[in-house]
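Here is the structure we will look at, set down as structure tokens.
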Amino acid sequence: MKKSQPPELGTARGGGVTLTPALRRSLRRRLLDWYDAEGRDLPWRSKGAPGDPYRVWLSEIMLQQTTVASVIPYFQNFIGRWPELSALAAAGLDDVLFAWQGLGYYARARNLHRCAQVLCADYDGRFPADEAGLRSLPGIGPYTAAAIAAIAFDRPATVVDGNVERVMARLFAITAPLPESKALLARAAAGLTPKRRPGDYAQALMDLGATVCTPRTPDCGACPWWRSCRARASGMAANLPRRAKKKPRPTRYALAYWVARRDGAVLLRRRAESGLLGGMMEIPSTPWRARAWPISEAAHHAPLAAHWRLVAGTVGHTFTHFHLETTVLKGRTNGVALVEGVWVQPADFGNYALPTLMKKIAGHAQSKSTLAHADAPRAAVAVLG
Ligand code: SF4
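Residue numbers (my numbering): 166 to 550.
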């Protein structure tokens, strides 16, 4: 068919989408043909055959909120160190967290380890093949369950991520904004999911969104669906999907305590298992809260009694749902006090799974001077203990 012909897809009633069986078949076939010729070769992928469940699961967990380019070296490192599920289950959590360092969203690494242990203990080391069974495992939500079911077990599960939402919004010219349109976009995607080669189809759709139907400048000339695409035909592709205006990110506040012994070793401790950065090592800190911390409250949360001095400036770090401003206090101790944690020379911090925020705090504490008593606001210097 020549490119000047009008789009085949013309039905979108009441915000919904309908397809003739012939068009549905044609869209699936064109996408799979394109995937066979143009789909990306990735270390966890086996085109034309179901993927290995362990590799598919590992890659899907790593790919949550993270780009393919960032994931590839981590995936290869994990597979090199723990080539089988049983090896990962037997690994120490600290080793897994350390290997995860830099990928962010560390709850994924803790759940990954826990999930491997549950599968080895309760499932004879095998992944369930159905979405419901997969969803019952630690760290596996609806998206990841659908991806594993489709890619590793060739089940006709519909996999919907941001790429797929974008392609569906454009193909069917769905103008309702995200996130309200999520269910509609998912139904549109489900209406196209095939029974034959569903795993390849799911990966093809993700690839199309990642490499051709890109957010700002879709390459419609290279798209297998170009002649059916309503957004392309009406010139609105780059404007879809629409998004409701985001609420501004709230700011939270914390105090961090950089306490050094005479030999230069600094106190690190492990954060609680639950919550953001759970189980990771930290420079001892207060809880993160919506209200700024007056220095008068610093003593209550300090890990030990010391003469604390305020470090000039603050450390800013932005998470997905909020921004954190951390004020750093520096103290010295003779190290005889019994405290929870480990004493580590800053030169050896690389041996610990320190998240990016803690590295920033360490850099700030080491590079900035403390405010002298005369320079600091009266309330900003606290002599504790
Ligand atoms: Fe996306 Fe263009 Fe293909 Fe439509 S024709 S699905 S806008 S790349």
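Even for Gly, the Cβ is constructed at its ideal location relative to N, Cα and C.
Check                                                                                                                 : Outcome
Nearest residue (CA-CA) to L469, options F514, T492, A421                                                             : A421
Opening and closing residue of the beta strand (DSSP E) in which W423 lies                                            : 416-425
Backbone secondary structure at E296 - three-state DSSP                                                               : helix
Any non-hydrogen atom of the ligand SF4 closer than 7 Å to C378 Cβ                                                    : yes
Environment of H529 [buried if 16+ CB atoms lie within 10 Å]                                                          : buried
Neighbourhood of P380 by C-beta distance below 8 Å, restricted to the same chain and skipping five residues each side : R331
Near the ligand SF4: D384 beta-carbon under 7 Å from a heavy atom                                                     : yes
Paired residues, beta bridge with E490 - DSSP                                                                         : Y418, G481
Short Cβ contact (8 Å threshold) for R497 with A425                                                                   : yes
Buried versus exposed call for K144 [16 or more other C-beta atoms within 10 Å across all chains shown]               : In the structure displayed, the chain extends from 166 to 550; residue 144 sits before or after that span and is not available.
Pair within 8 Å by beta-carbon distance, S224 and V236                                                                : yes
Simplified DSSP assignment, three categories, for H538                                                                : Its pLDDT being 39, under 50, H538 is placed unreliably in this model, and the value from its coordinates should be taken loosely. In the structure shown, H538 sits in coil (DSSP, three-state: anything other than H, G, I, E or B).
L302 - DSSP class collapsed to helix/strand/coil                                                                      : coil
Identity of the residues DSSP links to S461 by a beta bridge                                                          : Per DSSP, none; premise fails for S461.
Nearest to A334 (by Cα), restricted to the options R352, A317, P449, Q368                                             : R352
Limits of the unbroken alpha helix (DSSP H) element including L336                                                    : 327-336
Anticipated Cβ contact below 8 Å, D326 with Y308, distance rounded                                                    : 6 Å
Nearest residue (CA-CA) to M446, options A187, M401, L262                                                             : L262
Span of the beta strand (DSSP E), counted from its first residue to its last, around R435                             : 431-435
Assumed close pair A419, L489 - CB separation to whole angstroms, cut-off 8 Å                                         : 6 Å
Given 8 Å, three or more beta-carbon pairs between the region 228-246 and the region 261-279                          : yes
Collapsed DSSP secondary structure at L370 in the structure displayed                                                 : helix
Contact set for P542: own chain, Cβ-Cβ below 6 Å, skip 5 residues either direction                                    : For P542, the pLDDT reaches just 39, beneath the cut-off of 50, and the residue's location in the model is therefore unreliable, although a value from the coordinates is still provided. The answer is none, since no qualifying residue turns up.
Buried or exposed (CB count within 10 angstroms, at least 16 for buried), Y219                                        : buried
Limits of the unbroken beta strand (DSSP E) element including R189                                                    : It is not in any beta strand (DSSP E) - R189 instead sits in the alpha helix (DSSP H) that spans 186-203.
Same chain only: Cβ atoms within 6 Å of A286, ignoring 5 sequence neighbours per side                                 : none
Assigned secondary structure, S224 (DSSP; H/G/I helix, E/B strand, else coil)                                         : helix
Neighbourhood of G506 by C-beta distance below 6 Å, restricted to the same chain and skipping five residues each side : L432, L433, R434
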